[in-house]
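K.L.:
Please see the structure below; I have some questions.
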Amino acid sequence: MEDKRKEIVGNVIRIQRYHSPCGDLMLGSFEDRLCLCDWAVESHRDIVDRRLRKVLKACYEESTSEVIQKAIKQLNEYFNGERTAFEVPLLFVGTDFQKSVWYKLLDIPYGSTVSYGELAKQLDMPKAVRAVAAANGANAISIFAPCHRVIGSNHTLVGYGGGLPAKKRLLDLEINGKPLL
Numbered sequence: 207m208e209d210k211r212k213e214i215v216g217n218v219i220r221i222q223r224y225h226s227p228c229g230d231l232m233l234g235s236f237e238d239r240l241c242l243c244d245w246a247v248e249s250h251r252d253i254v255d256r257r258l259r260k261v262l263k264a265c266y267e268e269s270t271s272e273v274i275q276k277a278i279k280q281l282n283e284y285f286n287g288e289r290t291a292f293e294v295p296l297l298f299v300g301t302d303f304q305k306s307v308w309y310k311l312l313d314i315p316y317g318s319t320v321s322y323g324e325l326a327k328q329l330d331m332p333k334a335v336r337a338v339a340a341a342n343g344a345n346a347i348s349i350f351a352p353c354h355r356v357i358g359s360n361h362t363l364v365g366y367g368g369g370l371p372a373k374k375r376l377l378d379l380e381i382n383g384k385p386l387l
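Take the position in the sequence shown, starting the count at 1, then add 206; the result is the number in this note's numbering.
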């Protein structure tokens, strides 16, 4: 049955679970790029999975890849406080608007935060705060595309797929230099 699905679908997204100090993540690669680093307990996991499989015309296969191994190594370094930038090729799968938000996340410096409103202004869409927040929440490549660096306008922690405790720990690591491993 699995082989027939691959024949019909044609493409494979390799997936592997990663145990982070903030919770389990599901890593996924398509061809030679990382397309998934999402919290295993995330409420939108099924939506992300459907989007990836549909757009990439792919099925999931539990296995590893060179990109996943590179991502794991860099995540370990990040959680140890030894890495402040990632060097893994990313594949964003979504609408053009979502991709514009996700690419803008890459510009938020390590140890910094921006509000959803500030992010909307940086995208020259100051009135699209809710749409920017929704796109941020649909990010399938958490940590690498640092959606945890986006906070509420009153500088409080709001909404995060891995939960607010995970978001707080990630920001503590980056802002206060508290290694998590």
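In this text, a Cβ means the ideal position worked out from N, Cα and C, and glycines have one as well.
1. For the beta strand (DSSP E) holding I221, just list the boundary residues, first then last.
2. Please identify the residue among Q328, L311 and M331 whose C-alpha is closest to the C-alpha of S348.
3. Leaving out five residues before and five after Q280 in sequence, what residues of the same chain have Cβ atoms less than 8 Å from its Cβ?
4. Alpha carbon to alpha carbon, how far is K327 from R355?
5. Does the beta carbon of A246 fall short of 8 Å from some heavy atom of the ligand PLP?
6. Taking only the alpha-carbon atoms, compute the straight-line gap between H361 and S321 and give it to the nearest angstrom.
7. Starting from the Cα of G367, find the closest Cα among R239, L231, K260 and P315 and give me that residue.
8. Of all Cβ atoms in chain C, is any one closer than 9 Å to the Cβ of R336?
9. Go through its chain and collect everything with a Cβ distance to L233's Cβ below 8 Å, but skip five positions before and after it.
10. Measure the alpha-carbon distance for V307 versus S271 and round it to whole angstroms.
11. Quick check on R289: does DSSP put it in helix, strand or coil?
12. Tell me whether L296 sits in a helix, a strand or coil according to DSSP, three-state version.
13. Closest to A346 by C-alpha separation, out of L262, V254, K374 and P371, would be which residue?
P.N.:
Reading off the structure:
1. N217 to S226
2. L311
3. R289, F292, E293 and V294
4. When the Cα atoms are used, K327 and R355 turn out to be separated by approximately 16 Å.
5. Because no ligand of any kind appears in the structure shown, any question about the ligand PLP cannot be addressed here.
6. Their backbone Cα atoms lie some 7 Å apart in a straight line.
7. Here the closest residue by C-alpha is L231.
8. The structure shown contains no chain C; it is built from a single protein chain.
9. I221, Q222, R223, Y224, L240, L242, C243, I274, A277 and I278
10. 27 Å
11. coil
12. Strand at L296.
13. V254
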